[in-house]
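Engineer: Its first residue numbered 1, the sequence shown is counted upward by one per residue in UniProt numbering.
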Amino acid sequence: MSASAGTGVFLLSLMSIPICYLFNSLIYSNSAEAFFFAWCTTVLILAISARFMLKKKAPVDPLFYVYAVHAFLSVVNLIIGLEQDNIIDGFVTFYLKEANPHVNTAHGHMISYWDGCVHYLMYLLMIAAITWGDNYRAIGLYWVGSFLMRAMVYILGNAVGKYGTHVGPLFILHLLYISVSVWACFRIFCQPSARDVELSDIEEAHRAGLLRRPVDLVFIIYLIPALAFCVFRGLVVLDCSSKWCQDYTQQYEPYLKDPSAYPKVQMLVSMLYSGPYYIITLYGLLVPGCDWMPDLTLVHSGALAQAQFSHIGASLHTRTPFSYRVPVDSQPVFLLVNVLYMLVPQALCYRCCTQPAFFLRTAPEKKNE
Numbered sequence: 001m002s003a004s005a006g007t008g009v010f011l012l013s014l015m016s017i018p019i020c021y022l023f024n025s026l027i028y029s030n031s032a033e034a035f036f037f038a039w040c041t042t043v044l045i046l047a048i049s050a051r052f053m054l055k056k057k058a059p060v061d062p063l064f065y066v067y068a069v070h071a072f073l074s075v076v077n078l079i080i081g082l083e084q085d086n087i088i089d090g091f092v093t094f095y096l097k098e099a100n101p102h103v104n105t106a107h108g109h110m111i112s113y114w115d116g117c118v119h120y121l122m123y124l125l126m127i128a129a130i131t132w133g134d135n136y137r138a139i140g141l142y143w144v145g146s147f148l149m150r151a152m153v154y155i156l157g158n159a160v161g162k163y164g165t166h167v168g169p170l171f172i173l174h175l176l177y178i179s180v181s182v183w184a185c186f187r188i189f190c191q192p193s194a195r196d197v198e199l200s201d202i203e204e205a206h207r208a209g210l211l212r213r214p215v216d217l218v219f220i221i222y223l224i225p226a227l228a229f230c231v232f233r234g235l236v237v238l239d240c241s242s243k244w245c246q247d248y249t250q251q252y253e254p255y256l257k258d259p260s261a262y263p264k265v266q267m268l269v270s271m272l273y274s275g276p277y278y279i280i281t282l283y284g285l286l287v288p289g290c291d292w293m294p295d296l297t298l299v300h301s302g303a304l305a306q307a308q309f310s311h312i313g314a315s316l317h318t319r320t321p322f323s324y325r326v327p328v329d330s331q332p333v334f335l336l337v338n339v340l341y342m343l344v345p346q347a348l349c350y351r352c353c354t355q356p357a358f359f360l361r362t363a364p365e366k367k368n369e
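1) State yes or no: is the C-beta of L141 within less than 7 angstroms of the C-beta of D295?
2) For T297 versus L223, is the C-beta distance shorter than 7 angstroms?
3) A205 and A357 - do their beta-carbons sit closer together than 7 angstroms?
4) Quick check on T362: does DSSP put it in helix, strand or coil?
5) Locate the alpha helix (DSSP H) running through P288, then write down its first and last residues.
6) Which residue spans inside the UniProt domain "EXPERA" (215 to 349) form an unbroken alpha helix (DSSP H) run of at least 4?
7) Name the two residues that bound the continuous alpha helix (DSSP H) containing Q84.
8) Going by C-alpha distance, which of C245, F171, S179, Y67 is nearest A228?
9) Below 8 angstroms CB to CB, which residues in the same chain sit around I79 once its five sequence neighbours on both sides are set aside?
10) With respect to the alpha helix (DSSP H) encompassing N158, which residues constitute its N-terminal and C-terminal limits?
11) Am I right that Y252 and V333 are in contact with their C-beta atoms under 8 angstroms? What's the rounded C-beta distance?
12) Tell me whether the beta-carbon of V326 lies closer than 7 angstroms to the beta-carbon of G145.
13) Tell me whether the segment 123 to 136 and the segment 148 to 155 touch, counting them as touching only if at least three CB pairs, one residue from each stretch, are closer than 8 angstroms.
14) Rounded to a whole number of angstroms, what is the C-alpha to C-alpha distance between residue 392 and I27?
15) The alpha helix (DSSP H) that contains D201, what's its start and end?
16) Do S270 and C240 have their CB atoms nearer than 7 angstroms?
17) For S193, name the three-state secondary structure that DSSP assigns.
18) What is the rounded straight-line gap between the Cα of G302 and the Cα of L156?
19) I need the DSSP call for G6, collapsed to helix, strand or coil.
20) Where does I178 fall in DSSP's three states?
21) Using a 10 Å radius around the Cβ and a threshold of 16 neighbouring Cβ atoms, would you call K264 buried or exposed?
22) Assuming V9 contacts A106 (C-beta within less than 8 angstroms), just tell me the rounded distance between them.
23) By the 10 Å Cβ neighbour count, where 16 or more other Cβ atoms means buried, how is I172 classified, buried or exposed?
24) Output yes or no for whether 7 angstroms exceeds the beta carbon distance between D247 and Y324.
Laid out in structure tokens, this is it:
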């Protein structure tokens, strides 16, 4: 398949910039001429992009079109984040005034930047893979983890936080977007895995003890305090009366008590899902033949990267009330712990995906009759 379809998606996503500006100007002008001009320009832009996408042969994979729409919306989210921070102006002013108040929180800011940068890059990579007929399951699983974490925290935080009574039609539309994305997640899980490892390499990896795998030993040592840290922060948001929990909240992460409820939901989701993950991963690093390890680490590393990016950014953002921001004296410790907590799972995922021999099973040899 030619690259014209992928090029069309890229151009279509960039066209969200003039489209946002035109429609924002249209809403404030209340002019029939402005409406006609904006409408004609939008139709022309979409027609040119569709021409590039379908120039030779339309992609068969339905996820191509899902990611095309998502890439368009990702650029819109980046515009929202930039205008919220007053870096640009006049693109989505009306939307920010009329949208649900969740968008204007510090957590909403971080989601906009993550979706507009990281998710956008993943959408373009998956579209390019579909265009060239390559396997994109690894990138897809990483996106699955990132998207599911974002969706769970955002929806539950909206429901139980201080903005729970401000759910409007735009939030219902957001649920439709999430429903389509969940369907895409199931499609990615159903794709076949592309791992080509020699049987002799698998058998040799299975014979290697833990002491002959020093990198795995380091990961095992890391997983134990990571599990404790995950459970500890879950207890903190559950209002544990321990002095350790109270001191940690006051000195290092007061954002955990933010009334928006996003950090509380974030820590509870991490405790309920990341906690069991660490235990399962310990087993997978000790026992050979756990072929689910590469996929599991991909999903979890994507989820944790999104969660930690949003948590670290929101804890320091000016949209967070001053009393809930990380104290200046505690910021080095806060950043060191949280950045390490985010980066080590990425290294573990890289190890499992690039050297999967230890986790693969030896296929039973067929006997000749």
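Beta carbons: idealized from backbone N, C-alpha and C, even for Gly. Small disclaimer: the values here were computed from a predicted structure and weren't measured.
Structural biologist: Inspection of the coordinates gives the following:
1) yes
2) no
3) yes
4) coil
5) Counting along the chain, P288 falls outside any alpha helix (DSSP H), and DSSP gives it neither H nor E.
6) 243 to 251, 262 to 269, 275 to 286, 293 to 316
7) 63 to 84
8) C245
9) S16, I17, C20, I88, F91, V92, G116
10) 137 to 160
11) 6 angstroms
12) no
13) no
14) Past the boundaries of the shown model lies residue 392; the chain is included only from 1 to 369, so the question cannot be answered.
15) 199 to 207
16) no
17) coil
18) 19 angstroms
19) helix
20) helix
21) buried
22) With 8 angstroms as the limit, V9 and A106 do not qualify as a contact, their Cβ atoms being about 31 angstroms apart.
23) exposed
24) no
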